[in-house]
């Protein structure tokens with residue numbers, strides 16, 4: 001009988017969500033159209049006054065993607 005070794009299989013991780021790269025320029029445009037400071041815009045729309053600082057540093061929009069798309073629609077972008 002052949003020697004059957006048990007091999008551990010690692011579960012596959014889901015693919016990461018799309019990066020903020022495609023939404024960042026649009027959010028920057030919405031910020032510009034709003035006339036608000038980045039701090040105020042981030043606080044009002046995302047509850048995070050440092051939102052744009054983090055976005056520019058590469059933050060991913062895991063849970064905020066739908067909210068970001070609503071905001072872009074609100075500003076007509």
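In UniProt numbering, the protein residues as written are 1 to 77. Note that the Cβ used here is the ideal one computed from N, Cα and C, for glycine as well.
Taking the alpha carbon of residue 77 as the reference point, which residue from 13, 23 and 11 has its own alpha carbon closest?
Per the Cα distances, 23.
With 16 other CB atoms within 10 Å as the buried threshold, where does residue 30 fall?
The residue is buried, with at least 16 neighbouring Cβ atoms inside 10 Å.
What is the DSSP secondary structure of residue 25, reduced to helix, strand or coil?
In this structure, residue 25 counts as helix in the three-state DSSP scheme.
Please report the residue range of the alpha helix (DSSP H) in which residue 39 lies.
38 to 46 is the span of the alpha helix (DSSP H), which, as asked, contains residue 39.
Determine the direct distance from the alpha carbon of residue 11 to that of residue 69, and round the result to whole angstroms.
Between residue 69 and residue 11, the C-alpha separation is close to 31 Å.
Please state whether DSSP places residue 12 in a helix, a strand or coil.
Reduced to three states, the DSSP call for residue 12 is coil.
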